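Novice:
Number of protein chains: 4
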Amino acid sequence: MADESLDGRTLRATRKRQHRRQAILTGALKVFGEKGYHGAHISDIIDEVGIARGTFYLYFESKNAIFLELLDGLLAELRRHIVGVSTAEGAPPVVAQLAGTVREVLRTMVQNRMLSTIIIREAVGLDAEVDSRLRAFYAELLHYIRDAVAEGQRLSLIRELDTEVAAMCILGTIKQFVEQLVMMDVQEVDVDRMALSVLDFNLRGLLRRDAES
Amino acid sequence: MADESLDGRTLRATRKRQHRRQAILTGALKVFGEKGYHGAHISDIIDEVGIARGTFYLYFESKNAIFLELLDGLLAELRRHIVGVSTAEGAPPVVAQLAGTVREVLRTMVQNRMLSTIIIREAVGLDAEVDSRLRAFYAELLHYIRDAVAEGQRLSLIRELDTEVAAMCILGTIKQFVEQLVMMDVQEVDVDRMALSVLDFNLRGLLRRDAES
Amino acid sequence: MADESLDGRTLRATRKRQHRRQAILTGALKVFGEKGYHGAHISDIIDEVGIARGTFYLYFESKNAIFLELLDGLLAELRRHIVGVSTAEGAPPVVAQLAGTVREVLRTMVQNRMLSTIIIREAVGLDAEVDSRLRAFYAELLHYIRDAVAEGQRLSLIRELDTEVAAMCILGTIKQFVEQLVMMDVQEVDVDRMALSVLDFNLRGLLRRDAES
Amino acid sequence: MADESLDGRTLRATRKRQHRRQAILTGALKVFGEKGYHGAHISDIIDEVGIARGTFYLYFESKNAIFLELLDGLLAELRRHIVGVSTAEGAPPVVAQLAGTVREVLRTMVQNRMLSTIIIREAVGLDAEVDSRLRAFYAELLHYIRDAVAEGQRLSLIRELDTEVAAMCILGTIKQFVEQLVMMDVQEVDVDRMALSVLDFNLRGLLRRDAES
DNA sequence: GATGAATGAGTTTTCATTCAT
DNA sequence: AATGAATGAAAACTCATTCAT
């Protein structure tokens, strides 16, 4: 009996702990999103969550640490959606795969509107650690895009061009869309349509097909 | 004699004042570029310029004020290069005009590498004032691009597409290039070639011409 | 049965309580000895003992209270070894009694190495209470030594000298030895030999016997 | 003219700076002496001196830094009085030289009553830096005393004994006297007489000359 | 005008103690 | 009794801005 009740208690305590930890993360996310990293003070976070000063430090080591954790969370989620383009038989067309990735990245960032703002706008230069993680993430992203483009070339879907330049352009268009989406306080955005628009632009460019001739 | 010498003195004093003011702006630009807005302290600026602490406040009202002035300077210079697309007779082709603008924007930002970093990365969220100026600038830029695209459509150079989306994509590609250029510590970059690459990407997209058929 | 078992339970509970109280005292002693009063945190003590934070406060009122209790314990033990010099018939020679006391004091402090460190180095100035107890203890000690010296003079064993000064010197030599012993991490020290050395120095001084003539 | 007046101004400014620096040191000394290292807060020091919080940090890097400076000052002054025993012809007798050193050490510490308190009681264990300087100082002191004792033995002034033990005993007696002097709030103490008493005790010990035979 | 010493509000972080479970 | 999460007062330190000289 004792054991069971102890287990129950411990379990409940652990859950409560996790719950509060999550509450602090959520509050911090809101505050960071509203005020930016430098404008957000520990005081703002604890006021938002409704906890005492010391309680914050019971769950996180510092302002920087909680920010890093939020950042890591978002980057991890983004990475989950960035899966290499597959050319296996039966796999969807490369372009469709790309469209899927673009759509998921946009969707994730719109859902994490507040943190995305910071990632895109403010995070660079905050901190050596933050910097290096962001750099690494963007490098991965560029690498992924470059590979996809190269694969498209191998399949003769994509024309001859500098894959490096193309990757940068694509990344730029995505970032700009996220920034726009995040700045607009629109709750419901048709992310799918947007992803298709971005992709369409990147695939076909501005010119009329016959304008080049 | 007295009058003349006074005039002379006043003149010289005014010139000296202007000169020093400029020196402080230059020093601040360097420091902001190296350390970012929050990392840059008044101490860093006065050390860089070689003036006393109080002197800084004789020329600028606050840290924020000098930053705003630098920002305004860059935005003004950028605006000078963003001239509406002309369809007057004898004007260069629209595409060439666009290429020119892209080239000048890139060139200006690379030349003002340090401040550009801040505009792209850090300035948003600093301050209501800074924010609104940046928003206004980007809005103008988008507007300019949108108009140019629309003009291209009117001339049947540009295919049917959402000019809003196209403008955002183009802005995104440019920003990404600037960020890349600014991050790389390359002194000499072939901005012209880059502008052409960006333009080429934006004009033609990724796909092979015959891949669509 | 109920009564008996209740008594038994009460008894067992009381014993357990005493046992745990002692465990906390021991853990605190170790921590205080290693880190000093200010460097020792309640967290260190409860980690050392393996109890919860709140449990500590079930047994002791405060950090200061447990420190005071440890201090009192050591002082009481030291006092037990400081018995007045006896001149009763059949009593050992005064010098031998002195030697015994010095030996016991050194031995006790070396055995309580950790607490002794604090008494000698850090305890003064911590707290009015701690201060007054230490002052009282040292005053007693000085008094004891002074009396012993005076007794030695009455018995014509000890030369004419200021007993106050002599007592202070003797106390000083003992404290210095304890400090040295405690600083050296030697586990086994020949306390007896040391006590004899100290005593020899104090009795005979530096000079050659014939150097005075 | 300008140069001269500038020099004058600079000179005056420098003097004022030195003066204020000294005032802070003095205030800190008083506060440290009254409350001990841990009990002394920056707030106490700035209240004592009558300056703003930031001003303190204009002159000293941290609480630890100012304490270290005070400590170094006292140790330096003490070292000035600890000059090796000279056996050159015409030099004063070794014992007289020793007496001089003891007298000067006592005098210096009594004059720097407040800091001496901390050195003797509290300083060990404060900080790695403080610790190592104190250790070094005491090691020097022991070395000096040991050498003096050995020299006395070479000159047949001092009897056969363990110079290490003797040095520790002598150091102990001196420390005890300083502690006593510092604790007593007596303003005027006959340091000379005390130094002679200490020395007499250390030289001749307790026993009557004829008691040993 | 120039100087730089002085200011003090504001920020992060620590840790002994309390209290609901 | 035991637990350990929560508390919040208190402390060190920063830095944009002011002001007497």
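Residue numbers (my numbering), protein chains in the order written: chain A, 99 to 311; chain B, 99 to 311; chain C, 99 to 311; chain D, 99 to 311. Built from N, CA and C at the ideal position, the CB exists for glycine as well. All of these numbers come straight from a predicted model, not from anything done at the bench.
#1: If we count the other Cβ atoms within 10 Å of its Cβ and call it buried at 16 or more, is Arg244 (chain C) buried or exposed?
#2: Give me, in chain order, the residues of the same chain whose beta-carbon lies closer than 6 Å to that of Thr261 (chain C); leave out the 5 immediate sequence neighbours on both sides.
#3: Which chain B residues are close to Leu259 (chain A), counting only those with a beta carbon under 9 Å from its beta carbon?
#4: Under 9 Å between beta-carbons, which chain A residues line up against Phe158 (chain B)? List them in chain order, please.
#5: Less than 8 Å between CB atoms is the rule here; does Ile256 (chain B) satisfy it with respect to chain A?
#6: Using the three-state DSSP reduction, which class does Leu173 (chain B) fall into: helix, strand or coil?
#7: Would you report the Cα separation of Glu258 (chain A) and Ala264 (chain A), rounded to the nearest angstrom?
#8: Based on the DSSP output, what are the partners of Ile256 (chain C) in its beta bridges?
#9: Is the Cβ of Val91 (chain A) closer than 8 Å to any Cβ of chain B?
#10: May I have the straight-line CA-CA distance separating Ala293 (chain A) from Ile122 (chain A), to the nearest angstrom?
#11: What number of angstroms, rounded off, separates the C-alpha of Glu159 (chain C) from the C-alpha of Arg115 (chain C)?
#12: Which of the three DSSP states, helix, strand or coil, is assigned to Ile180 (chain C)?
#13: Nearest to Leu240 (chain B) by alpha carbon, out of A:Gln278, A:Ser214 and A:Arg233?
#14: Run through DSSP, which three-state label would Arg107 (chain C) get?
#15: Could you tell me which of C:Asp298, C:Gly106, C:Thr108 and C:Leu127 sits nearest to Met212 (chain C), measuring between CA atoms?
#16: Does the region 189-207 of chain D come into contact with the region 290-305 of chain D, if we say contact requires no fewer than three beta-carbon pairs (one atom in each stretch) closer than 8 Å?
#17: Once the 5 residues before and after Arg231 (chain D) are set aside, which same chain residues still bring their CB inside 8 Å of it?
#18: Assuming Glu159 (chain C) is part of the alpha helix (DSSP H), what are its boundary residues?
#19: Is the beta carbon of Leu176 (chain A) closer than 8 Å to that of Thr206 (chain A)?
#20: Can you find a C-beta in chain A that's less than 8 Å from the C-beta of Ala264 (chain B)?
#21: Would DSSP call Asp245 (chain B) helix, strand or coil?
#22: For Ser214 (chain C) and Ile144 (chain D), what's the separation of their Cα atoms in angstroms?
#23: Quick check on DSSP: helix, strand or coil for Thr185 (chain B)?
#24: Once you ignore the five residues that flank Ile140 (chain A) on each side, which residues in its own chain have a CB closer than 8 Å to its CB?
#25: Is Met266 (chain A) closer than 8 Å to Phe235 (chain B) when the C-beta atoms are compared?
#26: Taking Cβ-Cβ distances shorter than 7 Å, what residues in chain D pair up with Lys273 (chain C)?
#27: Is the Cβ-Cβ distance between Arg110 (chain B) and Tyr157 (chain B) less than 8 Å?
#28: Within 10 angstroms of the Cβ of Arg291 (chain B), are there 16 or more other Cβ atoms? Answer buried if so, exposed if not.
#29: Indicate whether at least one CB of chain C lies closer than 8 Å to the CB of Gln209 (chain D).
#30: With 16 as the cutoff for other CB atoms within 10 Å, does Glu310 (chain B) come out buried or exposed?
#31: Using the Cα positions of Ala138 (chain A) and Arg302 (chain B), report the straight-line distance between them to the nearest angstrom.
#32: When you check each C-beta in the region 133-151 of chain D against every C-beta of chain C, which residues fall closer than 9 Å?
#33: Under a three-way DSSP split, which group does Ala138 (chain C) fall into?
#34: Give a yes or no on whether the C-beta atoms belonging to Val289 (chain D) and Arg201 (chain D) are separated by under 8 Å.
#35: Using a beta-carbon distance below 8 Å, is Gln278 (chain B) in contact with chain A?
Specialist: On the basis of the data shown:
#1: buried
#2: Arg244, Val247 and Ala248
#3: Ser295, Asp298, Phe299, Arg302 and Leu304
#4: In chain order: nothing, as chain A lies at least about 21 Å away.
#5: yes
#6: helix
#7: 10 Å
#8: D:Leu305
#9: Nothing about residue 91 (chain A) can be read from this structure; chain A reaches only from 99 to 311.
#10: 32 Å
#11: 15 Å
#12: coil
#13: A:Gln278
#14: helix
#15: C:Leu127
#16: yes
#17: Leu166, Leu169, Asp170 and Leu173
#18: Looking at the DSSP string, Glu159 (chain C) is not in any alpha helix (DSSP H), and its letter there is neither H nor E.
#19: yes
#20: yes
#21: helix
#22: 35 Å
#23: coil
#24: Arg151, Phe154 and Lys161
#25: no
#26: Gly270 and Gln274
#27: no
#28: exposed
#29: no
#30: Its pLDDT being 47, under 50, Glu310 (chain B) is placed unreliably in this model, and the coordinates cannot settle the point.
#31: 44 Å
#32: Lys133, Gly134, Tyr135, His136 and Gly137
#33: coil
#34: yes
#35: yes
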